[in-house]
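As they're listed, the protein sequences go chains A and B.
First residue of the first sequence? That's 1 in the UniProt record's numbering, and the numbers climb one at a time after it.
First residue of the second sequence? That's 1 in the UniProt record's numbering, and the numbers climb one at a time after it.
Glycine is no exception: its CB is placed at the ideal position from the N, C-alpha and C atoms.
A quick write-up on the structure given underneath.
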Amino acid sequence: MPSVDISVNQLVDIFAEDRVAPPTVITPLGHVMIEIQGDLQHPQKSISPELDTDSRFIQHEGKELVRFGILSYDLHSKNVTLFIGNKQRLVGTIIKVNPPLGLLKFDKTAGTVDLRDVIRYKIIFKNRPLPIM
Amino acid sequence: MSVNLYNTLSPETGYKLLQLSDELIDAFQKGSVKFKALSNNTGDVCLCSEDKTWVIKQRNHSNTVMMMNEFVPNNGVPEEKINTFGLSKPSADWAGFMTLDSELEPRLVEGAIDITQLDIYDGKDVPLRRRLTLQEFKDMCPCSEREFVLRWLEIGGSVVQGFACLLSERFVLKALHIILISCMAENLDIDSLDIDQVADALKNDVKEGEPNYFTHEVVTTVINKFGTKVEASDDNTDQDRFKMNMPLIARWYGVSALKKFAAKEPISEDEFMIQWKAQFPPYFHCDLDINMLRGYFVRPLKEKVRYMSRTTLSLDPKERFKQLFHWQNVWGQDDIIPFIVELNTKNMKVDTFIMKYARRKRVGNKFIVSAR
Numbered sequence: 001m002p003s004v005d006i007s008v009n010q011l012v013d014i015f016a017e018d019r020v021a022p023p024t025v026i027t028p029l030g031h032v033m034i035e036i037q038g039d040l041q042h043p044q045k046s047i048s049p050e051l052d053t054d055s056r057f058i059q060h061e062g063k064e065l066v067r068f069g070i071l072s073y074d075l076h077s078k079n080v081t082l083f084i085g086n087k088q089r090l091v092g093t094i095i096k097v098n099p100p101l102g103l104l105k106f107d108k109t110a111g112t113v114d115l116r117d118v119i120r121y122k123i124i125f126k127n128r129p130l131p132i133m
Numbered sequence: 001m002s003v004n005l006y007n008t009l010s011p012e013t014g015y016k017l018l019q020l021s022d023e024l025i026d027a028f029q030k031g032s033v034k035f036k037a038l039s040n041n042t043g044d045v046c047l048c049s050e051d052k053t054w055v056i057k058q059r060n061h062s063n064t065v066m067m068m069n070e071f072v073p074n075n076g077v078p079e080e081k082i083n084t085f086g087l088s089k090p091s092a093d094w095a096g097f098m099t100l101d102s103e104l105e106p107r108l109v110e111g112a113i114d115i116t117q118l119d120i121y122d123g124k125d126v127p128l129r130r131r132l133t134l135q136e137f138k139d140m141c142p143c144s145e146r147e148f149v150l151r152w153l154e155i156g157g158s159v160v161q162g163f164a165c166l167l168s169e170r171f172v173l174k175a176l177h178i179i180l181i182s183c184m185a186e187n188l189d190i191d192s193l194d195i196d197q198v199a200d201a202l203k204n205d206v207k208e209g210e211p212n213y214f215t216h217e218v219v220t221t222v223i224n225k226f227g228t229k230v231e232a233s234d235d236n237t238d239q240d241r242f243k244m245n246m247p248l249i250a251r252w253y254g255v256s257a258l259k260k261f262a263a264k265e266p267i268s269e270d271e272f273m274i275q276w277k278a279q280f281p282p283y284f285h286c287d288l289d290i291n292m293l294r295g296y297f298v299r300p301l302k303e304k305v306r307y308m309s310r311t312t313l314s315l316d317p318k319e320r321f322k323q324l325f326h327w328q329n330v331w332g333q334d335d336i337i338p339f340i341v342e343l344n345t346k347n348m349k350v351d352t353f354i355m356k357y358a359r360r361k362r363v364g365n366k367f368i369v370s371a372r
């Protein structure tokens with residue numbers, strides 16, 4: 001792939017959008033960016049349904065997913081709380097990404113590069129996790 | 001508002017985050033932006049719009065950056081299975097599909113052409129070894145299309161036998177000489193040259209069975225290098241016309257004459273001027289002034305000049321001044337500036353830069369420079 005045009009087919013309207021769009025966590029194309037200043041540990045393998053008492057493992061469009069938490073956010077105050085598992089809680093904020101980030105998808109087989117979305121806001125967790133009392 | 005968060009057990013690959021500066025967003029809006037992998041080995045990449053170039057640096061980090069998208073689970077999870085910790089019932093589900101550990105940081109740079117990748121063509125039937133087409137070479141250069149076109153002809157790039165190459169200085173001057181002769185023979189106006197006309201004139205001069213080294217591509221390179229495009233004339237032709245830059249032509253002939261007659265021994269300035277004039281095609285008129293060749297000669301003896309190649313001089317300013325004063329004790333400031341200006345990397349005022357390494361004195365209305 002020595003040289004290839006970056007495809008922006010999906011983004012014609014997004015570029016036309018006002019660059020000072022109001023805060024939002026989810027882009028018009030349905031993407032969300034979450035940043036945790038630390039490691040996030042979650043199961044790497046699914047377990048048998050009998051052991052999965054909380055129904056944490058689900059199948060979606062042929063992919064296995066694991067539910068690792070619940071997130072609550074308020075666009076007005078920009079405060080976010082993330083509950084991870086049953087024991088930990090993270091407090092974070094919604095911030096503007098400056099400069100915005102383009103989400104590029106490289107396909108080496110087809111030799112293409114797509115700009116899939118533009119991320120202007122993200123949820124960031126900078127503090128240590130707190131216990132859930 | 002609360003949402004359930006999921007993560008995939010088999011993350012997708014091939015995603016990268018690219019910092020989008022305002023200029024880059026403008027470039028995406030205006031037209032296509034090319035992603036260029038400059039080499040398979042080094043991993044150097046750049047982005048090129050129609051007229052701008054960005055080099056890309058990957059900034060790694062140790063945070064967990066998760067990209068998620070909204071989805072609707074096929075079979076909803078029973079409410080009682082989800083511990084909401086007193087929050088409202090989750091109204092959406094997001095699934096992480098990729099965790100990223102780096103960002104691509106673009107930096108706007110001037111487009112550059114790496115001439116070391118090119119064959120040098122000297123006008124002989126020597127086979128080209130690297131055999132890169134112009135498009136292949138363009139794809140290897142961190143340079144936008146518009147910057148490439150401007151620089152390519154300026155450095156003497158051309159296409160020979162279908163492959164990109166650099167014309168040697170000797171061949172460029174030879175081609176220029178032949179072009180000037182042909183223009184005079186065909187009575188072409190050198191202030192309004194048409195590349196096709198000149199190429200045809202040169203082609204007609206080639207004897208049957210002999211190869212034509214001065215092809216259309218070579219003529220295009222030489223005329224672009226030594227000429228400037230003129231505004232469209234009244235004859236409404238689409239063809240670009242070029243006005244030849246006479247001082248530049250004179251300088252090229254002058255440097256060639258210096259190399260030929262004054263490289264080993266200094267020769268008198270008067271004799272050099274005669275030799276310089278003799279280099280041009282017969283009856284070709286061009287104003288000549290020794291000051292046009294500043295930066296290419298020294299005066300080791302009074303009224304005598306000797307060729308001096310800047311590439312043979314030291315890159316250390318202190319050493320270079322020493323070398324220059326070895327060849328010539330006292331310099332006019334205007335004469336020495338071309339020899340030292342490239343070493344002024346901190347962009348100091350040129351007077352200050354000279355005074356840092358030499359003595360500068362006013363004599364009449366001129367400044368002279370000598371060793372400390």
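Check: Test item: CB-CB of Gly156/B and Glu169/B under 9 Å; Outcome: yes
Check: Extent of the continuous alpha helix (DSSP H) run through Ser182/B; Outcome: 169-185
Check: Three-state class that DSSP yields for Val206/B in the structure shown; Outcome: coil
Check: Residue nearest to His60/A in terms of C-alpha spacing, selected from Ser102/B, Ala262/B, Met67/B, Pro73/B; Outcome: Pro73/B
Check: N-terminal and C-terminal residue of the beta strand (DSSP E) that Gly254/B is part of; Outcome: Careful: Gly254/B lies outside any beta strand (DSSP E), inside the alpha helix (DSSP H) at 246-261.
Check: Leu104/A beta carbon less than 9 Å from that of Leu9/B; Outcome: no
Check: Identity of the residue in Asp22/B, Glu136/B, Pro106/B, Leu248/B nearest Val45/B by Cα; Outcome: Pro106/B
Check: Contact list for the segment 97-111 of chain A against chain B, Cβ threshold 8 Å; Outcome: Pro99, Pro100, Leu101, Gly102, Leu103, Leu104, Lys105, Phe106, Asp107, Lys108
Check: Interface flag, Gln88/A vs chain B, CB-CB below 9 Å; Outcome: no
Check: Where Met66/B meets chain A, residues with beta-carbon distance less than 8 Å; Outcome: Met33, Ile34, Glu35, Ile36, Leu40
Check: CB contact check: Arg116/A to chain B, cutoff 9 Å; Outcome: yes
Check: The segment 240-249 of chain B contacting the segment 188-200 of chain B, beta-carbon criterion three pairs below 8 Å; Outcome: yes
Check: Pairwise C-alpha distance: Ile95/A and Val66/A; Outcome: 26 Å
Check: Short Cβ contact (9 Å threshold) for Ser182/B with Val198/B; Outcome: yes
Check: Cβ neighbours of Phe353/B in the same chain (closer than 6 Å, five flanking residues each side left out); Outcome: Asn344
Check: Nearest-angstrom Cα separation, counted from Glu12/B out to Lys87/A; Outcome: 28 Å
Check: C-beta neighbour in chain B for Lys78/A, strict 9 Å; Outcome: no
Check: Extent of the continuous beta strand (DSSP E) to which His31/A belongs; Outcome: 31-36
Check: Where Tyr296/B falls, given that 16 or more other Cβ within 10 Å makes a residue buried; Outcome: buried
Check: Cutoff 9 Å: Asn291/B Cβ touching any chain A Cβ; Outcome: no
Check: Pairwise C-alpha distance: Ile290/B and Met273/B; Outcome: 8 Å
Check: Listed by chain order, chain A residues near Pro73/B by CB distance under 7 Å; Outcome: Ile58, His60
Check: Members of the segment 7-19 of chain B near chain A, C-beta cut-off 7 Å; Outcome: Asn7, Thr8, Leu9, Ser10, Gly14, Tyr15, Lys16, Leu17, Leu18, Gln19
Check: First through last residue of the alpha helix (DSSP H) which encompasses Ser99/B; Outcome: Residue identity differs from the one stated: residue 99/B is Thr in this sequence, not Ser. That residue, Thr99/B, is in no alpha helix (DSSP H); its beta strand (DSSP E) goes 92-109.
Check: Contiguous alpha helix (DSSP H) assignments of at least 4 residues, all confined to the segment 3-37 of chain B; Outcome: 22-30
Check: Three-state secondary structure (DSSP) of His60/A; Outcome: strand
Check: Contact with chain A by Met22/B, beta-carbon distance below 9 Å; Outcome: Reading the sequence as shown, one finds Asp at residue 22/B and not Met. Yes, because at least one Cβ of chain A sits closer than 9 Å to the Cβ of Asp22/B.
Check: Whole-angstrom distance between Asp51/B and Cys141/B, CA atom to CA atom; Outcome: 14 Å
Check: Counterpart residues of Asp5/A in DSSP-defined beta bridges; Outcome: Lys34/B
Check: Residue burial classification, Pro247/B (beta-carbon count within 10 angstroms, cutoff 16); Outcome: exposed
Check: Within-9 Å CB hit, Ser88/B to chain A; Outcome: yes
Check: Those residues which DSSP pairs with Thr228/B across a bridge; Outcome: Lys243/B
Check: Tyr73/A classed as buried or exposed, judged by whether at least 16 other C-beta atoms fall within 10 angstroms; Outcome: buried
Check: Identified DSSP bridge partners for Glu271/B; Outcome: Its beta-bridge partners do not exist; DSSP assigns none.
Check: Simplified DSSP state of Asp334/B, which is helix, strand or coil; Outcome: helix
Check: 8 Å contact criterion, which Val218/B and Leu153/B should meet: CB distance rounded; Outcome: Not quite, the Cβ-Cβ distance comes to about 11 Å (not below 8 Å), so this is no contact.
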